[in-house]
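The structure appears below as structure tokens.
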Amino acid sequence: MPEGHTIHRAARLQNKRFKGKVLRSESPQGRFDSGSSQIDGQELRKIYANGKHLFYEFDSGDFVHVHLGLFGKFRTLSLPTDDPVSENCRWLLTSDTDRLHLAGPTVCEVIDSDQVDAIRRRLGPDPLVKRHREDPVEKMAKRLSRRTIPIGAAILDQKVLAGLGNVYRAEILYLIGLDPFTPSNQVSIQDLSALWSESVRLLTLGERAGRIVTTEPADVGKQRARDLGRYERLYCYKRHGEQCRRCGDTIRTADIDGRNIWWCPTEQT
DNA sequence: GCTGCATGATGAA
DNA sequence: TCATCCTGCAGCA
Numbered sequence: 016m017p018e019g020h021t022i023h024r025a026a027r028l029q030n031k032r033f034k035g036k037v038l039r040s041e042s043p044q045g046r047f048d049s050g051s052s053q054i055d056g057q058e059l060r061k062i063y064a065n066g067k068h069l070f071y072e073f074d075s076g077d078f079v080h081v082h083l084g085l086f087g088k089f090r091t092l093s094l095p096t097d098d099p100v101s102e103n104c105r106w107l108l109t110s111d112t113d114r115l116h117l118a119g120p121t122v123c124e125v126i127d128s129d130q131v132d133a134i135r136r137r138l139g140p141d142p143l144v145k146r147h148r149e150d151p152v153e154k155m156a157k158r159l160s161r162r163t164i165p166i167g168a169a170i171l172d173q174k175v176l177a178g179l180g181n182v183y184r185a186e187i188l189y190l191i192g193l194d195p196f197t198p199s200n201q202v203s204i205q206d207l208s209a210l211w212s213e214s215v216r217l218l219t220l221g222e223r224a225g226r227i228v229t230t231e232p233a234d235v236g237k238q239r240a241r242d243l244g245r246y247e248r249l250y251c252y253k254r255h256g257e258q259c260r261r262c263g264d265t266i267r268t269a270d271i272d273g274r275n276i277w278w279c280p281t282e283q284t
């Protein structure tokens, strides 16, 4: 379930277990053999998250760069355990007390600090990063000013905004009442500002909860977020043909750049 | 058991 | 715009 909140949460929780420890590094699957052996036996300084990217900094100055893509998954386990390591484990990190298991990532590679910087530089502002050199809304506006692609396509572009995925895209545009087909350069600065603050609010919530929840208590009653069913947590994602929770109009769907989006034509103009 | 789809991204055409 | 890579599971026979 990797959107930005998953990545930042993984960094936070993994730092608790592995930061500052000397680690055994292996690739049971074999596809990260040379990389994993390069850092075997080193101390992990810290794990950093940027957008959907993770960087594991080791004592030697090497970094392991991980991007989960659509299918990548982490599993952490306390040791000792009887659980066998699965065959598809790309990267296995082990301390004396914990085990980290990575499967199915799009990227898992050893890079240097210059390469880390290059990746960070090309990313847009990340709603889960607290300090920004440049005002994030202005930065987004700058990167959108000459573009006529639909805003629904633009906010999945990680150079514009780093960390949103297909669920948050649909939900955030719904919450700020913006039609996903609005040309990017026609989106007002007020709407961009709302887009940013809703991104910060919702990804922060998601990072804490470990799942994407966008519905407000007023719309779902008094149930706690974790007790809500999959679709109770969301307003429009994958709700094609259902009634909009707020106005009763029918939720529509369309394809934007090869990804499905869902929206309410009354709430979003 | 098989098929297709999915919260992602890239590189070729 | 398409094909490709990575994995898991829902839906269907």
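According to my numbering, the first sequence is numbered sequentially starting from 16.
Glycine included, every Cβ here is placed at the ideal spot set by N, Cα and C.
Just so you know, these numbers come straight off a predicted model, no measurement behind them.
For residue i versus residue j, is the C-beta spacing smaller than 8 Å?
i       : j       : result
Arg-32  : Thr-109 : no
Gly-87  : Ala-64  : no
Trp-211 : Tyr-252 : no
Cys-279 : Tyr-189 : yes
Gln-44  : Asp-77  : no
Cys-259 : Glu-231 : no
Thr-166 : Pro-120 : Note on residue identity: the sequence assigns Ile, not Thr, to residue 166. Contact: no.
Asp-272 : Ala-168 : yes
Gln-57  : Phe-47  : no
Asp-111 : Ser-93  : no
Arg-137 : Lys-174 : yes
Val-228 : Gly-221 : yes
Gly-192 : Thr-284 : yes
Gly-225 : Arg-27  : no
Glu-41  : Leu-107 : yes
Leu-69  : Leu-38  : no
Ile-126 : Lys-67  : no
Arg-274 : Leu-171 : yes
His-147 : Val-122 : no
Does the beta carbon of residue i fall short of 7 Å from some heavy atom of the ligand MG?
i       : result
Ala-185 : Among the ligands in the structure shown, none appear at all, so the ligand MG cannot be discussed.
Taking the beta strand (DSSP E) that residue i belongs to, which residues open and close that run?
i       : result
Asn-65  : 59-65
Thr-268 : 267-271
Ile-276 : 274-278
Under DSSP, the alpha helix (DSSP H) around residue i begins and ends at which residues?
i       : result
Arg-162 : No alpha helix (DSSP H) holds Arg-162; DSSP gives it neither H nor E.
Gly-167 : 166-169
Write down the C-beta distance between residue i and residue j rounded to the nearest angstrom, noting that I regard them as a contact closer than 8 Å.
i       : j       : result
Lys-61  : Lys-36  : Wrong, their Cβ atoms sit about 11 Å apart, outside the cutoff.
Leu-218 : Gly-178 : 6 Å
Glu-18  : His-80  : Actually they do not touch by this definition, with Cβ atoms about 18 Å apart.
Ile-204 : Ala-156 : 6 Å
Exercise for the section: Decide if the stretch 116-135 is in contact with the stretch 145-157; the criterion is three or more beta carbon pairs, one per stretch, under 8 Å apart. Expected result: no
Handout entry: beta strand (DSSP E) segments (min. 3 residues) lying fully within the stretch 68-146
Key = 68-73, 78-82, 88-93, 104-109, 113-118 and 122-126
Exercise for the section: Would you check if there are 3 or more beta carbon pairs closer than 8 Å linking the stretch 94-112 to the stretch 132-144? Expected result: no
Handout entry: the stretch 185-204 touching the stretch 157-170, judged by at least three CB pairs closer than 8 Å
Key = yes
Problem - Segments assigned beta strand (DSSP E), at least 3 residues, entirely inside the stretch 27-61 - result: 39-41
Exercise for the section: Output the residue ranges of the alpha helix (DSSP H) runs that lie fully inside the stretch 175-239 and measure 4 residues or longer, sorted by chain position. Expected result: 181-191, 204-224 and 232-235
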